[in-house]
Structures are given as structure tokens and as C-alpha cells.
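Those protein sequences? They're chains A and B, same order as listed. If you read the first sequence in the numbering used here, its first letter stands for residue 1, the second for the next number, and so on. If you read the second sequence in the numbering used here, its first letter stands for residue 1, the second for the next number, and so on. Comments concern the structure below.
Protein chains: 2
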Amino acid sequence: MSSERMSVRYRIRCPSGAVEARAQALAIEQSIEMPPEAVRDARVRSEVVGQVQSIEPVRDAPGSFDVVLALAAETTGDEPGQLMNMLFGNCSLQPDVELIDLQLPPSMLAALPGPRFGIEGWRAASNAHGARRPLSCTALKPQGLAPEALAALAYEFARAGIDVIKDDHGIADQAAAPFAQRVPRVQAAIERANREKAQADGTLAGHRSVYAPSLSGGPRRLAAQLALLRDEGVAAALACPMILGVPVFVEQVRAEAGVPLLAHPALAGQARIAAPLLLGRLFRLFGADATIFPNWGGRFSYPRDDCLAIAAAARAPLGLHAPALPVPAGGMSVERVGEMLDDYGPDTMLLIGGNLLAAGDAMPARAAAFAARVARAFEACRH
Amino acid sequence: MSSERMSVRYRIRCPSGAVEARAQALAIEQSIEMPPEAVRDARVRSEVVGQVQSIEPVRDAPGSFDVVLALAAETTGDEPGQLMNMLFGNCSLQPDVELIDLQLPPSMLAALPGPRFGIEGWRAASNAHGARRPLSCTALKPQGLAPEALAALAYEFARAGIDVIKDDHGIADQAAAPFAQRVPRVQAAIERANREKAQADGTLAGHRSVYAPSLSGGPRRLAAQLALLRDEGVAAALACPMILGVPVFVEQVRAEAGVPLLAHPALAGQARIAAPLLLGRLFRLFGADATIFPNWGGRFSYPRDDCLAIAAAARAPLGLHAPALPVPAGGMSVERVGEMLDDYGPDTMLLIGGNLLAAGDAMPARAAAFAARVARAFEACRH
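And the structure:
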């Protein structure tokens, strides 16, 4: 055991006269959960009880304070679920508290899994090695379609040159398109399109589209899905860490998938955890190779600064961990591609779903325009 | 596939002129996630697309509306994680939406696992068969203590006659007290106390205290913990469904533990999901035999009505599912036992942790007073 500590930043709403006591109470809540004067063990008192490191009023926000706690690394047992518990387990029940930021000591940082493939892994999967270009992504939808209909859609997207074709996150293992029937058919359709592109001339010659099916359920069901993934040669996967559970995402999905993982934020937005920390840094530390988040101006209301901060957190230096690919999404349209590329740059995957399908018979053309626009972006800047 | 639907009640903050469009958008968000006019499949349009059932302004809350959606049962695939996804996956990312209530069609209700043991299972475990009495519960803490120290504490609690002795939810599988070393020692200490009570005269003759160790981690780690639980004859367990992940809680923990489960709300309070629904009804449907929640007037700010509603949801008729035991907690004291018993009645487990430890050398006496007070409550009313 070490006496290393992580620095955890919370934002508390509190009258200023009460903030020291409130910060102290939070340090207890997120460590020993009992009156500290009743702790008889000297080691626990010095090495385990949470400590208040600093309290600062938030500028321009009267009654809000940033409180930094030093929480003992040993309390997490180097297990990602327990890390979530120590960061925000009990105080998630206290509405005056938000979790804002986190600094991990190097040993904890190194012990967390991080992405296995990272941004370059996505480029390699789509056969876009070496080119520092953004990637395009779309979703098979709506849920309720039969496997054949989803496969037909996947074929069109792949022929259009979309890099990553994911299941809609609402598609799981339902009767309309069970995983075991859907995944082989969709994968076969994408492989057929890839073979046809390989024989083609022009910009799509050799382009490879990648399928990312949606993983769901408990450990037994996941094990069967992961086995099928390997058997069928599927080259990526989609998962919702907050629905599956962080420990399963790390211990089973990341450890056994063997392909780049696209994390979806379902059920994650409920949190009073700052989105750049949860979707950007923590999901990456748990093993996401790409992280989907709601871009501004779509169906969600995340502010632009938060969106850019999520992308920055996914890519920023973080120990020896590979960067993860930010994936802005949520009601995006082909018309916004230029603006999004300006904002997010080449290390990005743009996800457009419904807007392609809304083109009706013109879907293949709209999808091809989207894919080409993204694939050629920044060409002039490349060496 | 059936065309059955569940009725899901959300509360939306929205200008009244925009509420119909907002409700419609939510119905799309929580089903097909694409423009409905672009859906070509007739079956999907009629059976899968979410429908707005009703919109009602919330009394005395201008700008708030209760919107009931009819969402297709088939979209959940009868998988509890996917149920959470369809109820609140994407709209968790929309801060104007809260999930308030849920009505499931009988087939879905029957397909969800529910408690294996229920309230009577807890009484049977503590050898309080037949007596309709409340139960007492306390927590081993603080985290950071060695297994021997936790076992010594457990022995004192068991000798005092506490019914259920649980790990503090922050105790997981850390180096200070690894699960494999802690659980056999604590279990042995409690069994020794139980043997001594069996030989004693008076009110504790034959009383059995039960240990509920804290389960944590991913599927492999959980499998090892569950095996140890069985090998050691441990008679209960504690788990945090929102940290482990709902699918793992159901598919592995509930299916394989073979003992009553105490659900802890860590990370669950972050939700904009009404606490009576999540902690009371959903955790019960997922298999919790008891559900811990923050009582009013302690370290948490849940209003009294919400606390009573959580207890009511845990015990209310629900298809053929057994009732779960409500466990009010969070900074409770022995002084409040009478008031809590008046409010919650005999089908309740009272959890007091730090307040017992704060008694210092007088802890055994305070714990015994707590246990006796709870065990004898409502005696005069029994037949």
C-alpha cells in the first residue's frame, strides 16, 4: 500500500460561511463515511481519511466553490468501478455537488487500461494508414428493422465510402434483429462492398469500411457476442460504459474485444460529472478508442466550449496512454461538415446518422458526398 | 414480437407553445432516433416508433409538463440494461427531461427477475421467521482497516444482536483488506458470536447475525467473490447496481449469489430519475431483496415524501414479484429509531453505522440497545 493520493476537484453550492465544514464533510463522505474522531486506527487517520486540499470561490458565481480533495489512491484498489465509487458514489446523492476534474498520481494513471488502439487504430482499421485525416461514421437505424434490411443499408453506406458503420445504440439483441443473426449479415454485406471497392478505380480503390456492432447485456451474453465478433472478423465495436457498467467495460469488453471500441454516452448525461472528464478522460482511461458526444447545435444542449473540451480531453497527453478519437454527433448534418472540421481538425470522426437517411432515394449520393468530404479534408496540408 | 408498449412518464421543462413538438422529439429520441418520415418500413412505423400518449401541465409548476410516452416493449429485448437504455439512455443527455414513472405490460413485468428472497428472506436469514418485525443493520467501517480489525468489529456487532452486518460500500477489494482475506475472517467472527448467542439465555438466544460483504469489479473478479461467498457460507451480499452495471447485477450477481441482496445507491443519485422509481421499483425488479436509500434529516437532502415513496415502491404489489425491504440510512442515529419505526413500520431494516462507532468504548452497549429496540418493536401488536 502506498500513501499516494489523487486530487479531485468538486464544485459545491454552499453559503460561504459554511463551505469549510461542507468541504470537510465531503472529504469524509468520499472516504471513511464515519466521524473521523471515532477512527482509532492511526494509519487510517493519516493515510485513508480524505483531506481538503483547497477551497476557492468560483469567479462570477456567488455561492459556488471549487473544492479540491486529496483522496487516497489505495481506496480505489486499482479497479475502475471502485474509482467511480470513490469519486462520485455517495456524493452523487448530494445535489449540491458536481465532480469537475481529477488528477491521478502516475502509478494510478499507469494502472488504468486506456485505449488499446487509439486514433491510429481507427485509421488502420479503415485502411487510411498514414494519412492524418478525419474519419466518417454513420449509424444503422431505425431499430426494429430485420437483419436483411440493416445489411442492405450497411452495404449502401460501405459503397458510399463511410469509414465506420455502427449500429444505432438502441439496437441491442432484440427479437427484430438478434445479434447472432444481424452481425454476420451486416458484416458480410460490408465485406462485399469492400471487395467491390478494392476492384474499383478512383478514390475508393482499396477503401475499407468497418462495422461496429452494439454490444449489450450481462457477462454471458457479452461473451457470446464477443466470440461472434471474432469469428466473423468484425473490426470494431460499440458499447455504452454506463449501461454495461464500467467494470465490465474494462474487464470483459476492452480485454476481450480485440478491436477498437467506440464508447456511447447513453445514461452518462444524467451525471453531475463534467462531460470533458467523464466522456473525454475517464472513458478513454477505461479503454475507449473513440468517444461519441453530443455536439452543440443538434438535439442536445451541450455548450460549444464543453464539446471542444471533451475533444481536447480525449486527445491530450495522458501518461503513456494512446489518444482516443472524439466523435461529435447528435443531430448533425452534412451541411455542417465544414464547420465541424474547422473546429475539430483532422483527429476526429464525424458521425451523421438520420440526416443521411432523411435523403430518401438520394441517401447513397448524400452518404458518398459526406464520406468524400471528410476523407479529403486537410489534403492540402498533408506532406 | 408483440406490439405491446410500456407507458413511461417524463417531466419536461418547456415553453407551453413548444411542448407538443418537444414530446414528439422525445418519443423519437427514445425509440428510432431518426426522422420518422424517413422510415420506410411499415411495421417499424406502426409498432416501433415511440408514441406520445398524453401531455399534462404540472400543477403549480409553470413550464413543467408530464409527458407519457408509449414505447414498444420489443425495443428492450427483455434485457434490463437495454430497458434502462430505452427509458433514459439518450435523454439522460438532455437536462430538460426527468424520468418520473413507468408502467410495464404484464409480460414485461413477469420477464424481469425481481427479488429471489424478498422481505421474508431477510427474516429467515436472521432467524426471525414468522415475527413481523423490523431488522437492524450496521456497517463495518472505516475502509483502510485490516481484516482482523474488521472481524473484531463484526464480532462486537453480532454479539450485540444486530441482524445484518454489511461492509461499508467503500470497502471493495483493496490492498488493506482484500475480499479473499476479509470475508472468511469476518464470517468466522460472526459465526463465533452466533454460536455464543445460541448458548446464551435471554433475548439473544438463537439470534443469528448475517454478514453482507460488498461485491465489486468485473465478471471475473465477481465470479471469484461469489464462489468464496458460497464456500464460506456467507448469507447475504451488498452490491451497487449503478457501479457494477445493471446487466451484471441481474445476470451474474442475482443469478449466482444464492443469498438475499442489499442494493446500495452509489452513483445512482446522479440520475434525473425519480428515486422511488429507480431505488424502489427498478432495483427491486432487477433483483434487489433490500434497497438502501438516504433518509431525510441525515447527510443527504431527500425530502421525507420521497423517502416514504421509495419504501412504498419497494413493498407495493408488483405482478408476482416479492416485496423488497426498504433500508433508510445515511447519517441516522439511535435517537431517531422510534421516529423511523413510526414512519416505516415493521417491514423495514434500519441502518445505523457511524453513530454506533462514535460511541467509542460504549459502542457495544449502544449497538445492543439499537438491536434490541428494533427487534422488539411492534411486539405488542403481534398475534
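Cβ coordinates follow ideal geometry from the N, Cα and C atoms, glycine included. If you're wondering where the values come from, they're calculated on a predicted model, not measured in any experiment.
Beta-carbon proximity of residue 253(B) to residue 262(B), cut-off 8 Å:
No; because the gap between Cβ atoms is not below 8 Å, this pair is not in contact.
Between residue 6(A) and residue 167(B), what straight-line distance do the alpha-carbon atoms span, to the nearest angstrom?
24 Å
Since residue 75(A) meets chain B, which of its residues come closer than 7 Å, beta carbon to beta carbon?
Correct list: 143, 170 and 174.
Using the C-alpha atoms, what's the distance from residue 146(A) back to residue 84(B)?
Each residue's alpha carbon lies about 23 Å from the other.
Proximity to residue 171(A) [Cα-Cα], best of 59(A), 129(A), 144(A) and 104(A)
144(A)
Would you please verify whether the beta carbon of residue 256(A) is less than 8 Å from any beta carbon of chain B?
no
Sheet register partners of residue 349(B) (DSSP bridge):
DSSP lists 135(B) as partners of residue 349(B).
Taking all protein chains shown into account, do 16 or more other C-beta atoms lie within 10 angstroms of the C-beta of residue 226(A), making it buried, or fewer, making it exposed?
buried
Do you know whose CA, among 288(A), 336(A) and 327(A), lies nearest residue 307(A)'s CA?
327(A)
Of the listed residues 130(B), 212(B), 247(B) and 291(B), nearest to residue 258(B) (C-alpha basis):
212(B)
Taking the alpha-carbon of residue 156(B) as reference, which of 191(B), 51(B), 177(B) and 122(B) has the nearest alpha-carbon?
191(B)
Look up residue 72(A) in the DSSP assignment and give the residues it is bridged to.
DSSP lists 5(A) as partners of residue 72(A).
Backbone secondary structure at residue 236(A) - three-state DSSP:
coil
Determine the contact status of residue 23(A) and residue 12(A), defining contact as a CB-CB distance below 8 Å.
yes
Establish whether the CB of residue 48(A) and some CB of chain B are separated by less than 8 Å.
yes
Would the stretch 60-72 of chain B and the stretch 232-242 of chain A be scored as touching if the rule is three or more Cβ pairs under 8 Å?
Touching, no, given that fewer than three Cβ pairs across the two stretches are closer than 8 Å.
For residue 266(A) and residue 100(A), what's the separation of their Cα atoms in angstroms?
C-alpha separation (whole angstroms): 19 Å.
Which residues in the same chain as residue 50(B) place their Cβ atom closer than 6 Å to its Cβ, once the five residues preceding and following it in sequence are excluded?
27, 30, 31, 69 and 71
In terms of residues, what are the limits of the beta strand (DSSP E) holding residue 166(B)?
164-167
Which residue's Cα is closest to the Cα of residue 221(A): 233(B), 248(B), 223(B) and 228(B)?
248(B)
Over what stretch of residues does the beta strand (DSSP E) that includes residue 57(A) continue unbroken?
51-57
If you measure from the beta carbon of residue 240(B) to each beta carbon in chain A, is any gap under 8 Å?
By this cut-off, residue 240(B) is an interface position.
At a cut of 8 Å, does the stretch 194-204 of chain A reach the stretch 288-308 of chain A through at least three beta carbon pairs?
no
Span of the alpha helix (DSSP H) around residue 101(B):
Note, residue 101(B): premise wrong, no alpha helix (DSSP H); beta strand (DSSP E) at 97-103.
Report the rounded CA-to-CA distance for residue 9(A) versus residue 102(A), giving the unit in angstroms.
6 Å
Using the Cα positions of residue 375(B) and residue 279(B), report the straight-line distance between them to the nearest angstrom.
Roughly 25 Å between the two C-alpha positions.
Can you round the beta-carbon distance between residue 79(B) and residue 217(A) to whole angstroms, since I take them to be within the 8 Å contact cut?
With 8 Å as the limit, residue 79(B) and residue 217(A) qualify as a contact, their Cβ atoms being about 5 Å apart.
Please report the Cβ distance between residue 114(B) and residue 285(B), rounded to the nearest whole angstrom; I am assuming they are in contact, meaning their Cβ atoms lie under 8 Å.
6 Å
Closer than 8 Å to chain B by CB, residue 386(A):
With chain A running from 1 to 383 in the structure shown, residue 386(A) is simply not present.
Which whole runs of the beta strand (DSSP E) in the stretch 286-316 of chain A are 3 residues long or more, in chain order?
290-294
Quick one, which of 127(A), 48(A) and 81(A) has its alpha-carbon nearest residue 214(B)'s?
81(A)
Could one say the Cβ of residue 361(B) lies closer than 8 Å to chain A's Cβ atoms, at least one of them?
no
Quick one: is residue 1(B) buried, meaning 16 or more other Cβ sit within 10 Å of its Cβ, or exposed?
Since pLDDT at residue 1(B) reaches only 46, below the 50 mark, its modelled position is unreliable, and the value read off the structure follows with that caveat. Exposed, because fewer than 16 other Cβ atoms sit within 10 Å of the Cβ of residue 1(B).
Listed from N- to C-terminal order along the chain, which residues in the stretch 291-308 of chain B have their beta-carbon within a distance smaller than 9 Å of any beta-carbon of chain A?
293, 294, 299, 300, 301 and 302
What residues match up with residue 12(B) in a beta bridge as DSSP calls it?
65(B) and 97(B)
Assuming residue 358(B) contacts residue 21(A) under a Cβ cut-off of 8 Å, what Cβ separation, rounded to an integer in Å, is found between them?
Incorrect: roughly 17 Å between the Cβ atoms, too far for contact.
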